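Protein sequences appear in the order of chains A and B. Residues in the first sequence are numbered consecutively from 0, following numbering that gives the first Met the number 0. Residues in the second sequence are numbered consecutively from 0, following numbering that gives the first Met the number 0. C-beta atoms are modelled at their ideal positions from N, C-alpha and C, and glycine is treated no differently. Quantities reported herein were computed from a predicted structural model and do not represent experimental measurements. Below you'll find the structure, written out as structure tokens, and then a few comments.
2 protein chains.
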Amino acid sequence: MNIPADATSPHTARTLADPDTPFAVVDVHKTQRNIERLAARADRLGVTLRPHVKTAKSLDVAALLHHGTPCPITVSTLAEAEAFADGGYTDITYAVGIDPHKLPRVLALLRRGVTLRVLLDSIEQASFVGEASRQAGLPVPTQIEIDCDGHRGGLKPDAPALPEIGRILHDAGCLDGVLTHAGESYFAYTAEEQRLAAKNERDSAVVAAERLRAAGLPVATVSVGSTPTAHAAEDLTGVTELRAGNYVFFDLVMAGIGVCDIADLALSVVVTVIGHRPEYGWILTDGGWMAMSRDRGTAVQAQDQGYGLVTDLDGTLIPGLVMTGASQEHGTLTARDGAGLPDLPLGMRLRILPNHACATAAQHQAYHAIDGSRTANTAPAIQALWKRVTGW
Amino acid sequence: MNIPADATSPHTARTLADPDTPFAVVDVHKTQRNIERLAARADRLGVTLRPHVKTAKSLDVAALLHHGTPCPITVSTLAEAEAFADGGYTDITYAVGIDPHKLPRVLALLRRGVTLRVLLDSIEQASFVGEASRQAGLPVPTQIEIDCDGHRGGLKPDAPALPEIGRILHDAGCLDGVLTHAGESYFAYTAEEQRLAAKNERDSAVVAAERLRAAGLPVATVSVGSTPTAHAAEDLTGVTELRAGNYVFFDLVMAGIGVCDIADLALSVVVTVIGHRPEYGWILTDGGWMAMSRDRGTAVQAQDQGYGLVTDLDGTLIPGLVMTGASQEHGTLTARDGAGLPDLPLGMRLRILPNHACATAAQHQAYHAIDGSRTANTAPAIQALWKRVTGW
């Protein structure tokens, strides 16, 4: 895993000043605050929260979602489903359109007693899921993907094929419900646009569910969600569950559309100053795109945050400093908005707040967990090293 | 590692049709052809080739570079240096400006008998490397980074500080030479621009070396290189070694500036068709940015290749089809240049040729090795599963 040996020893790696850079940090205090905020919303809205674990991909981070009894989760890969099943999670939705080749692993999880739901949006997929279920003597619980905003997959709520797909699944004992994801809400730049996206997401799922019910098909699950709409929804009547993933960490893209504040960002990457190019106005670090990812999600927002904003090691934002360039293992920091380039000496450690938490987290094998509520003016203590699930 | 168990068994995963998608593929035939091409150039130019292993990060791919006796290599992380030292490589240059905190691991490698060179560009770094060498009783071989084109770090060849840095290193027994990297050559769009970039890269390194020698300082190594300039250089008089990394795989960025042909691309990602949205002109796959990276390197080129071009499973390009969209685990393929959307059925496997091999390879834990010279009209046989080095 190439996790530095010293990082796992409380004697030799006690703070963020110790492990070699770059490395990923999770602020547990902020993560818990983000988790509680959405949990309270789901309670008020009267729906089950089914967090998407694709962002953190960590059993340790997921443990913060509940108090001992594994909660319902959403996953983006079967590797996640398998790892979380190993960790005791038994209620899992695999929210990527099912590929027939992957059904043996789905069935293996079902045989272990895991309720693993799959997703599809075509008659062809429904037919092979139904057939595989019959052959296995084990119905694969299946949701029909509804396209509420033209983001990627799914059937429009009024698609002619919807009842037929529902019928094929129902006849095989597989029909669980409908699922939609307002992916375009990431580009909803105002609170009002986000509320409208949430309403449309809810309406699309409910209309689809009602069409299936009108055809005599039972619909147990009506699942909606994205981080922006989950935080904007005002009425989820007819919806049974809410999904969101990014919200555990948040990021600059979410801050850029107002879903969170920059102070809520729970994931960062510790880097070290390795050079100065005053003639270009650059400070160079050892954190490049390998540590941050190539994600430039804020490039389309009103405020382009480059590859990320910069904080001190204790998490205090350094005003006007932005990571504007990235090679594989080099980051370039520059000043903007008339800010002068701060005097950051060689060897100084900084933290970079990412554009897109899912993408930045994916560049790392593990997180260094800290409690950011107790770290002013000091290098935060490392409480644990939390591994990520990798691969597919 | 989440490498599918079936992929390691020759009985159950014999071809690219077998492992669950997405997964990375290395065409060994093309890799060897790319390696031989640059090795022959280095021979003609009379310089040592020191490949940069940061692209493949694989001992198995690196084994293709030589015939049993580990060759000189360049690395981008100490994790690579340690993994390759474990694999018998003893002549390694760590080509990222040295952070003082990392010197203990550098010294540990030197004590193992590995000649590990570090890089720096400031008096402050030279002072602490010299001091650490004296304290350890073991000189750290050091190169001074020269900035030939304003890409990121280094001293301009005429920088006043150059002789002083050289003197500090020499007095500590650490001075090995100079190193430069024409990173801006990735944006040299014609063969003539690439030749000029190569000449400038060579001239910058040689001028810097001559300034040090004029100050009475011995310069053993004069190191230059980038994939574009390594393929364009016509005269490397005064240079001792040539570095390049991307060339083992090449990618669409390199094809876009004419350094290679698309037929030379040795890295690809196998994905599966999981949906169709004819109303939008989309084919959806299970390969998103997690499998391809967020790199959009061709976006600044004359021909934007989106997230990649699409081939059949045997490697035959599907004309006009481009991966234009990416979610975490979804890819969107669209037609361009007046091409119709091909009829690619659900469950069909495709290969995506990446913009940037270094970034796409980094999204994977391992490569599935094939011999692409024997695969027309059939699913290529998997010859081996090759692990990558991860982390820092």
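Per-residue contacts from residue i into chain B (C-beta, under 7 Å)
i, result
"A/MET289", "ALA361"
"A/TYR306", "By Cβ distance, chain B contributes nothing, its closest Cβ being about 11 Å from A/TYR306, past 7 Å."
"A/GLN364", "THR389, GLY390"
"A/GLY224", "Under the 7 Å cutoff, chain B gives no residues; its nearest Cβ is about 15 Å from A/GLY224."
"A/THR207", "Residue 207 of chain A is actually Ala in this sequence, not Thr. Per Cβ cutoff of 7 Å: no residues; A/ALA207 is ~16 Å from chain B at best."
"A/VAL346", "Note on residue identity: the sequence assigns Gly, not Val, to residue 346 of chain A. Simply ASP98, PRO99, HIS100."
Where residue i sits in the DSSP three-state scheme
i, result
"B/PRO69", "coil"
"B/THR7", "With a pLDDT of 43 at B/THR7, under the threshold of 50, the modelled position of that residue is not reliable, and no figure is offered here."
"A/TYR88", "coil"
"B/VAL117", "strand"
"A/ARG301", "Residue identity differs from the one stated: residue 301 of chain A is Ala in this sequence, not Arg. In this structure, A/ALA301 counts as coil in the three-state DSSP scheme."
"B/TYR188", "coil"
"B/ARG32", "helix"
"B/LEU178", "strand"
"B/PHE248", "coil"
"B/LYS386", "strand"
"A/SER326", "coil"
"B/ASN1", "The predicted position of B/ASN1 is uncertain, since its pLDDT is 36 and thus under 50; no value can be drawn from it."
"A/ALA196", "helix"
"B/GLY371", "helix"
"B/VAL27", "helix"
Closest by C-alpha distance to residue i, when choosing among the options
i, options, result
"B/GLY86", "B/GLY96, B/LEU102, B/HIS100, B/VAL113", "B/VAL113"
"B/ASP175", "B/ALA38, B/ASP17, B/GLU144, B/GLN300", "B/GLU144"
"A/LEU58", "A/ALA84, A/ALA41, A/ARG40", "A/ALA84"
"A/ASP234", "A/ASP260, A/ASN245, A/ALA197", "A/ALA197"
"A/ARG295", "A/TYR185, A/VAL252, A/VAL95, A/PRO21", "A/VAL252"
"B/GLU130", "B/GLY172, B/ASP157, B/ARG104, B/PRO159", "B/GLY172"
"B/LEU15", "B/ILE97, B/THR389, B/ALA368", "B/ALA368"
"B/GLN302", "B/ARG276, B/ILE317, B/GLY255", "B/GLY255"
"B/ALA356", "B/ARG350, B/ALA181, B/PHE248, B/GLN142", "B/PHE248"
"A/ALA55", "A/SER75, A/ASP42, A/VAL221, A/ARG40", "A/SER75"
"A/ILE91", "A/HIS169, A/GLU240, A/LEU211", "A/GLU240"
"B/ILE261", "B/SER292, B/ALA208, B/PRO353", "B/PRO353"
"A/ARG13", "A/ALA298, A/ALA361, A/ASP370, A/SER184", "A/ASP370"
"B/PRO103", "B/LEU77, B/TYR88, B/SER126, B/ARG32", "B/LEU77"
"A/ARG194", "A/ALA214, A/HIS100, A/HIS230", "A/HIS230"
"A/PRO227", "A/ALA219, A/ALA181, A/SER203", "A/ALA181"
Within chain A, the residues that residue i reaches when beta carbons sit closer than 8 Å
i, result
"B/GLU183", "What B/GLU183 touches in chain A: nothing, since even the nearest Cβ is about 11 Å away."
"B/LYS101", "ASP19"
"B/GLY67", "Residues of chain A passing the Cβ test: none, with the nearest at roughly 26 Å."
"B/ILE369", "None at all; the shortest Cβ gap to chain A is about 18 Å."
Chain-ordered chain A contacts of residue i [CB-CB under 7 Å]
i, result
"B/SER75", "GLN327, GLU328"
"B/CYS259", "Simply none; closest approach about 19 Å."
"B/TRP385", "None at all; the shortest Cβ gap to chain A is about 14 Å."
"B/TYR279", "GLY149"
"B/GLY96", "ILE273, GLY274, LEU283"
Partners in chain B for residue i, counting only beta-carbon separations shorter than 8 Å
i, result
"A/PRO50", "The premise fails here: A/PRO50 is roughly 15 Å from chain B at the closest Cβ pair, so nothing lies under 8 Å."
"A/ARG116", "What A/ARG116 touches in chain B: nothing, since even the nearest Cβ is about 16 Å away."
Within chain A, partners of residue i - CB distance below 9 Å
i, result
"B/LYS53", "MET289, GLN327, GLU328"
"B/LEU106", "Within chain A, no residue comes near B/LEU106; the closest Cβ sits about 13 Å away, beyond 9 Å."
"B/THR331", "ARG151"
Any non-hydrogen atom of the ligand ATP within 6 Å of residue i CB
i, result
"B/ALA229", "Here there are no bound small molecules, and the ligand ATP is not part of this structure."
Cβ separation of residue i and residue j, assumed to be a contact under 8 Å, to the nearest whole Å
i, j, result
"A/ASP148", "A/LYS155", "Actually they do not touch by this definition, with Cβ atoms about 10 Å apart."
"A/THR310", "A/THR20", "Their Cβ separation, rounded to whole angstroms, is 14 Å, which puts A/THR310 and A/THR20 out of contact at 8 Å."
"B/LEU266", "B/THR359", "6 Å"
"A/ILE273", "B/GLY165", "In fact, because the Cβ distance is near 19 Å, the residues do not count as touching under 8 Å."
"A/HIS363", "A/ALA38", "The pair is not a contact, with the Cβ atoms about 26 Å apart (cut-off 8 Å)."
"B/VAL25", "B/TYR366", "4 Å"
"A/LEU340", "A/GLY280", "6 Å"
"B/LEU211", "B/LEU161", "7 Å"
"B/VAL223", "B/THR179", "6 Å"
"B/VAL46", "B/GLY244", "16 Å between Cβ atoms; not a contact."
"A/LEU312", "A/LEU345", "Contact doesn't hold; Cβ gap of about 15 Å is too wide."
"B/LEU44", "B/ALA232", "6 Å"
Interface partners of residue i on chain B, CB under 9 Å
i, result
"A/ARG293", "TRP288, SER292, ARG293, ASP294, ARG295, GLY296, HIS355, ALA358"
Problem - Selection of the stretch 120-132 of chain A by Cβ proximity to chain C, strictly under 7 Å - result: Annotation note: the requested chain C is absent from the structure, which comprises protein chains A and B.
Exercise for the section: Please specify which runs of the beta strand (DSSP E), each continuous and at least 3 residues long, are wholly inside the stretch 34-81 of chain A, giving them in chain order. Expected result: 47-50, 72-74
Exercise for the section: Write down every uninterrupted run of the alpha helix (DSSP H) in the stretch 269-323 of chain A whose length is 4 residues or greater and which is fully enclosed by it, in chain order. Expected result: 288-291
Practice task
Counting only runs of 4+ residues fully inside the stretch 198-231 of chain A, write out the alpha helix (DSSP H) ranges in chain order.
Solution key: 226-229
Exercise for the section: Give, in chain order, every unbroken run of the beta strand (DSSP E) that is at least 3 residues long and sits entirely within the stretch 125-181 of chain A. Expected result: 141-145, 174-179
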